[in-house]
Ligand code: CAO
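In the numbering used here, the protein residues as written are 1085 to 1635.
In structure tokens, the structure reads:
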């Protein structure tokens, strides 16, 4: 079997052009004109079509390589059998300039030879035309970033043109001020079409050229190397991200992600997936300003969170609907919001509900009221709940764990429980250590002490670290149940709502019982429903009969 090396074609003078996508794999059968790779300079990107049909036997470059004309691209063997039947007549090799990946120098728009200045030192107006596109086809104007009066540097993008195969920035051949713009987005232009008039300072280098001397004509860029009709219609290459497999490309194409090469390059440099960036250009095209705006939103903490792909909530001018007061969020509010959001996005939450019959527990607690007063403390349900949670965690150590990013399970031998405290400044979660080793009175004192410290904003970072489980009691406020957010990296949190006297069937009659609503939210990455269910059922049993804590 004879194989042939297919080289990188003439790139119109561009060198060191980056490979951004390889469209074929070893073993693939390709037809003439099928795309082999996509190359991209800072000004244009372009599919390199196969010059003939064949089967790929080796790929000689990789994504990220910088290549030059003549570098080996792929090895190809002739097609055999049925595949060979599909082979079409070999198309004429595209002209060198038709295959060009535009380099900055080679894509310069062509200025009209200038009329003689009326007086030395006066500015002159250059009519800038579409440069040689290497094809007689018309291409779309997809972006006109300038307005009359804008100043441009030499090399700045004047317009972005796009064919069905590629898009390219047309850089300005010289510095100047835009006098008028001759095209609009959506227009179709071809080589030589007027683009804009540029007022050029008298001292501009172009003026030094003899009037009759045409602007140097370099090998032309080719947004459309061959008439569209001759090419396979599937590709819209420049408008999809550099996906590496056919499946990814199809998926990307399905999303109709429109962006020019400079925009894609900018996004890549900033580590942004264009799929996250809402496009404001025609057909939803993503503009440079969209990428920049997106970065600003993220930096300001308003935009999409890292890689989540969640579209940002649009900013609303609430004052349009009535009087409003606006004040900055406090640091605590911001920290709580960030923690909640992080946990909400990272933790697959499940919440399980139950009710504990705390009739006896409440009777016991009430019986201790006088003693509590003597001790100068208050015995709310919370210390008893802490005690019961500690016993349940001891019996179900799988709930007292954290997962690490390198897929380890950290089992904690200590039982430290966080307690959500509602303060005027916001929510804080001080941690009570070694709950299992402390008496009810010690816990009651510590709860009161930490709650007071929290309200006076005197908690230290150390007071709020090291928890393995959290208790969030809204019982004093009311409510029948809620779904607390796991305080990651912990994996479970117990929500406690207001106890209510309810009729409970005891087997022969309904009896009034004090029922305490509980909701256990857990991280389904760490716990399964069975683990969480066993833990909550055990906790309900302990609260129903605190003598069981002695077992
Ligand atoms: N059902 C009925 N009454 C309850 C109750 C419940 N589940 N839990 C507490 N109570 C009662 C207490 O017994 C107390 O009554 P007495 O004054 O008659 O003793 C009263 O409600 C007030 O209790 P408290 O709130 O002062 O004390 P606590 O120990 O129950 O809670 C603390 C302490 C710090 C946890 C609590 O004040 C608090 O800040 N809770 C809010 C937690 C929170 O915001 N969670 C949500 C976080 S996620 O957004």
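Every residue gets a Cβ at the ideal spot worked out from N, C-alpha and C, and that includes glycine.
As the structure is a prediction and not an experimental result, all values here were calculated from the model.
Rounded straight-line distance, which links the Cα of residue j to that of residue i
i, j, result
"residue 1584", "residue 1598", "6 Å"
"residue 1485", "residue 1470", "17 Å"
"residue 1404", "residue 1355", "37 Å"
"residue 1618", "residue 1413", "40 Å"
"residue 1148", "residue 1124", "10 Å"
"residue 1105", "residue 1570", "42 Å"
"residue 1456", "residue 1450", "10 Å"
"residue 1416", "residue 1407", "26 Å"
"residue 1561", "residue 1581", "8 Å"
"residue 1110", "residue 1102", "21 Å"
"residue 1623", "residue 1397", "40 Å"
"residue 1094", "residue 1421", "55 Å"
"residue 1187", "residue 1483", "Because the pLDDT of residue 1187 is 33, which lies under 50, any placement of that residue in the model is unreliable, and the number read from its coordinates should be weighed accordingly. So the two alpha carbons sit approximately 60 Å from each other."
"residue 1382", "residue 1572", "23 Å"
"residue 1343", "residue 1369", "6 Å"
"residue 1507", "residue 1440", "27 Å"
"residue 1530", "residue 1371", "57 Å"
"residue 1512", "residue 1540", "11 Å"
"residue 1443", "residue 1628", "7 Å"
"residue 1311", "residue 1218", "For residue 1311, the pLDDT reaches just 32, beneath the cut-off of 50, and the residue's location in the model is therefore unreliable, although a value from the coordinates is still provided. So the alpha carbons of these two residues sit roughly 11 Å apart."
"residue 1267", "residue 1279", "6 Å"
"residue 1447", "residue 1626", "15 Å"
"residue 1577", "residue 1555", "6 Å"
"residue 1216", "residue 1152", "21 Å"
"residue 1465", "residue 1494", "30 Å"
"residue 1237", "residue 1260", "7 Å"
"residue 1129", "residue 1221", "18 Å"
DSSP bridge partner residues for residue i (one or two, in chain order)
i, result
"residue 1428", "DSSP output for residue 1428 lists no bridge partner at all."
"residue 1235", "1261"
"residue 1510", "1507"
"residue 1156", "1091"
"residue 1138", "1114"
"residue 1417", "Per DSSP, none; premise fails for residue 1417."
"residue 1433", "1607"
"residue 1407", "Per DSSP, none; premise fails for residue 1407."
"residue 1227", "1244"
"residue 1208", "1284"
"residue 1378", "None, per the DSSP bridge assignment."
"residue 1554", "1502, 1577"
Buried or exposed by the 16-neighbour rule on C-beta atoms within 10 Å, applied to residue i
i, result
"residue 1170", "Its pLDDT being 42, under 50, residue 1170 is placed unreliably by the model, and the measurement read from it follows with that caveat. Burial call: exposed."
"residue 1500", "buried"
"residue 1505", "buried"
"residue 1300", "Reliability fails at residue 1300, whose pLDDT of 33 lies under 50, so the model's placement of it is uncertain and no value is given."
"residue 1612", "exposed"
"residue 1460", "exposed"
"residue 1610", "buried"
"residue 1047", "There is simply no residue 1047 to check, as the chain begins at 1085 and stops at 1635 in what is shown."
"residue 1594", "exposed"
"residue 1241", "buried"
"residue 1230", "buried"
"residue 1364", "exposed"
"residue 1346", "buried"
"residue 1634", "exposed"
"residue 1489", "exposed"
"residue 1348", "buried"
"residue 1542", "exposed"
"residue 1410", "exposed"
"residue 1636", "The chain is shown only over 1085 to 1635; residue 1636 falls outside these bounds and no answer can be derived."
Residue i: CB within 6 Å of a non-hydrogen atom of the ligand CAO
i, result
"residue 1596", "no"
"residue 1510", "no"
"residue 1582", "yes"
"residue 1422", "no"
"residue 1465", "yes"
"residue 1441", "no"
"residue 1239", "no"
"residue 1157", "no"
"residue 1559", "yes"
"residue 1505", "yes"
"residue 1489", "no"
"residue 1419", "no"
"residue 1556", "yes"
"residue 1535", "yes"
Residue i at chain C interface by Cβ criterion, 7 Å
i, result
"residue 1404", "No chain C appears in the structure shown, which is made up of a single protein chain."
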